[in-house]
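In the UniProt record's numbering, the protein residues as written are 1 to 130.
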C-alpha cells in the first residue's frame, strides 16, 4: 500500500472541512487559549510543546465548555500525552506505584505524582458522582 504524502492528507482534510461547512470563527479568544495554557503549564513545566498542543486542542474541540472545565480537560489530556514522552528508564518507576498509593506515600513517578496532585481539580465538577 502506497503512503499518502502530507500534501495529499492536507488536501483531503481541507475537502472534508469544506464539505461540512466548517467555520473556524467559533474558536475561543486568544486570551482564553492563553488562560488554558497558563493553567496547565505549572503542572507539566517540562513539556511546553504538549501543553501548547493540548491547550489548542481543547480550545478547538470544547469551546462549548466553561473555561474552568476546559482547563481541567487540557490538564488531564496533557498528563496522558506526557506519559509517552518520559524517558524509558523512568517507566520502571511505575513498579512501586500501587504500593505507594496503598500506603499513602508520595508517588515517585514524575508524571503520575503530579497527576494525583491535580485530581481534585479534575473531579470537582462531577458533584455527587465523586
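C-beta: ideal position from N, C-alpha, C; glycine also.
I'd like the span of the alpha helix (DSSP H) that includes residue i, first residue to last.
{"i": "residue 81", "result": "67 to 82"}
{"i": "residue 38", "result": "30 to 40"}
{"i": "residue 11", "result": "6 to 19"}
{"i": "residue 45", "result": "Where residue 45 is concerned, there is no enclosing alpha helix (DSSP H), given that its DSSP letter is neither H nor E."}
{"i": "residue 113", "result": "110 to 123"}
Could you compute how far the alpha carbon of residue i sits from the alpha carbon of residue j?
{"i": "residue 82", "j": "residue 48", "result": "10 Å"}
{"i": "residue 123", "j": "residue 39", "result": "16 Å"}
{"i": "residue 118", "j": "residue 72", "result": "9 Å"}
{"i": "residue 210", "j": "residue 97", "result": "Any question about residue 210 goes unanswered here, given that the chain covers just 1 to 130."}
{"i": "residue 113", "j": "residue 70", "result": "22 Å"}
{"i": "residue 76", "j": "residue 60", "result": "16 Å"}
{"i": "residue 103", "j": "residue 95", "result": "14 Å"}
{"i": "residue 62", "j": "residue 50", "result": "17 Å"}
{"i": "residue 42", "j": "residue 12", "result": "37 Å"}
Is it buried or exposed, residue i, if we count other Cβ atoms within 10 angstroms and call 16 or more buried?
{"i": "residue 54", "result": "buried"}
{"i": "residue 16", "result": "exposed"}
{"i": "residue 131", "result": "Absent from the model: residue 131. The displayed extent of the chain is 1 to 130, so no value can be given."}
{"i": "residue 105", "result": "exposed"}
{"i": "residue 74", "result": "buried"}
{"i": "residue 30", "result": "exposed"}
{"i": "residue 149", "result": "In the structure as shown, the chain starts at 1 and stops at 130, and residue 149 therefore has no counterpart that could be examined."}
{"i": "residue 44", "result": "buried"}
{"i": "residue 14", "result": "exposed"}
Skipping 5 residues on each side, what residues in its chain have a beta carbon closer than 7 Å to that of residue i?
{"i": "residue 115", "result": "79"}
{"i": "residue 22", "result": "none"}
{"i": "residue 67", "result": "32 and 35"}
Please indicate yes or no: does the CB of residue i lie closer than 7 Å to some heavy atom of the ligand SAM?
{"i": "residue 53", "result": "The ligand SAM is not part of this structure, which contains no ligands at all."}
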